[in-house]
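Numbering (the numbering used here), first residue to last: 51 to 413.
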């Protein structure tokens, strides 16, 4: 396996008496987008700044292409010049858009023709060529962030650091930026560390995802692995697993496990020993709700539990439905299905889900 472009070992950051980061090892592979996710205050931005040589550590070492590097000193400065950063609040100079985009290239002593060509290219790719002569102070939030991105991409960075770049944008603008950034990263091909607390952003952009909670990296992996097979209960809750149940393995038929949960037996695919305590995890989109007695559709799901609706909350085009069926479960239902079934508290329903949809966390 090739040497990662960036690696942190035994990273610790302490502010006063508060430890905000404790990461034994984390790596960023060349050409990938590593999305760092976690709740507010988890240490995500601190980890990005440490790996990007923007913040000092209490202890630990950052490696660039296999060689240790200090934040201070000439080599650290040379390496930092290969990085570009975009933060939540655009940091623009009080001059024109064109001059802001050119700034990084000029600071690196690039020839005038190269500066002009680079500025023109990225103004066009970010859709702000018509704003080239506007003062930065007159820009909207979305226009200012486009200018920041153009300045970052223009220098051709080896590593791009993105710290919650969409957090201050309104939802429509943020959705537009997500698609734009996805295309730009594909075109540029630069290694990217992307910090966000938004799961959708991480899923859209991340080649791998690192979950940071309480200053520690709890899990790193491909999006399907992290979201579908979370390693711990706190990771499961953060990535959107809403049904987490205490259970005990009572049966094993060649990997098809029977798990006793609150007087109900749930079948799941997995590995565990008889008698072992486990957490049964189900994502809300993997649970299907039908009215009790509705046999109109053939079901391949091995798990079928009768219950009643407890509560329902509207979420744009879907409803979040809480069901009591022995254990408490949460499902997502489309607006159309919700209205057709006339779901409401007290309505008898049947929930079904496949054994393959169940993820077990061994305790």
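By construction, the Cβ of each residue, glycine as well, lies at the ideal position given by its N, Cα and C atoms.
No experiment lies behind these values; they were computed from the predicted model shown.
query	result
Quick one: using the 10 Å Cβ neighbour count with 16 as the cut-off for buried, is residue 90 buried or exposed?	exposed
Can the beta-carbon of residue 201 be found closer than 8 Å to that of residue 154?	yes
Contact defined as beta carbons within less than 8 Å: I believe residue 254 pairs with residue 212. What is the distance between those atoms, to the nearest angstrom?	Not a contact, Cβ separation roughly 13 Å.
Go ahead and label residue 234 buried or exposed: buried means 16 or more other beta carbons lie within 10 angstroms of its beta carbon, across all protein chains shown.	buried
Residue range of the alpha helix (DSSP H) that residue 175 falls in?	162 to 175
With distances taken Cα to Cα, identify the nearest neighbour of residue 406 among 294, 81, 191, 319.	319
Specify the secondary structure class of residue 289 as computed by DSSP and reduced to three states.	coil
Please confirm if the region 105 to 122 is in contact with the region 167 to 186, defined as three or more CB-CB distances below 8 Å between the two stretches.	no
Taking 8 Å as the threshold (C-beta atoms), are residue 294 and residue 339 in contact?	no
How far does the beta strand (DSSP E) with residue 400 in it reach, from first residue to last?	398 to 403
Considering only the beta carbon of each residue, do residue 256 and residue 84 sit closer than 8 Å?	yes
Please classify residue 177 as buried or exposed, where buried requires at least 16 other C-beta atoms within 10 Å of its C-beta.	exposed
In terms of DSSP beta bridges, what is residue 247 paired with?	Looking at the DSSP assignment, residue 247 forms no beta bridge with any residue, so it has no partner.
Which residue or residues does DSSP assign as beta-bridge partners of residue 118?	113
Please list, in chain order, all residues of the same chain as residue 403 whose beta carbon is under 8 Å from its beta carbon, the five residues on each side excluded.	332, 336, 337, 338, 351, 353
Give the DSSP-derived three-state secondary structure of residue 263 in the structure shown.	strand
So within the region 181 to 219, which uninterrupted beta strand (DSSP E) runs reach at least 3 residues, ignoring any that extend past its ends?	209 to 213
I'd like the list of long-range same chain contacts for residue 377, defined as Cβ closer than 7 Å, with 5 residues on each side in sequence excluded.	295, 311, 312, 314
Output the residue ranges of the alpha helix (DSSP H) runs that lie fully inside the region 344 to 379 and measure 4 residues or longer, sorted by chain position.	none
What residue does the alpha helix (DSSP H) around residue 3 start on, and which one ends it?	The first residue shown for the chain is 51 and the last is 413, placing residue 3 beyond what the model contains.
Straight-line CA distance for residue 225 to residue 169?	25 Å
Please identify the residue among 307, 240, 383, 248 whose C-alpha is closest to the C-alpha of residue 367.	383
Inspect the CB distances between the region 86 to 100 and the region 263 to 274 and report whether three or more fall short of 8 Å.	yes
Is residue 63 near residue 96, with beta carbons less than 8 Å apart?	yes
Would you call residue 470 buried or exposed, if buried means 16 or more other Cβ atoms sit within 10 Å of its Cβ?	This structure cannot settle anything about residue 470, because the visible part of the chain is limited to 51 through 413.
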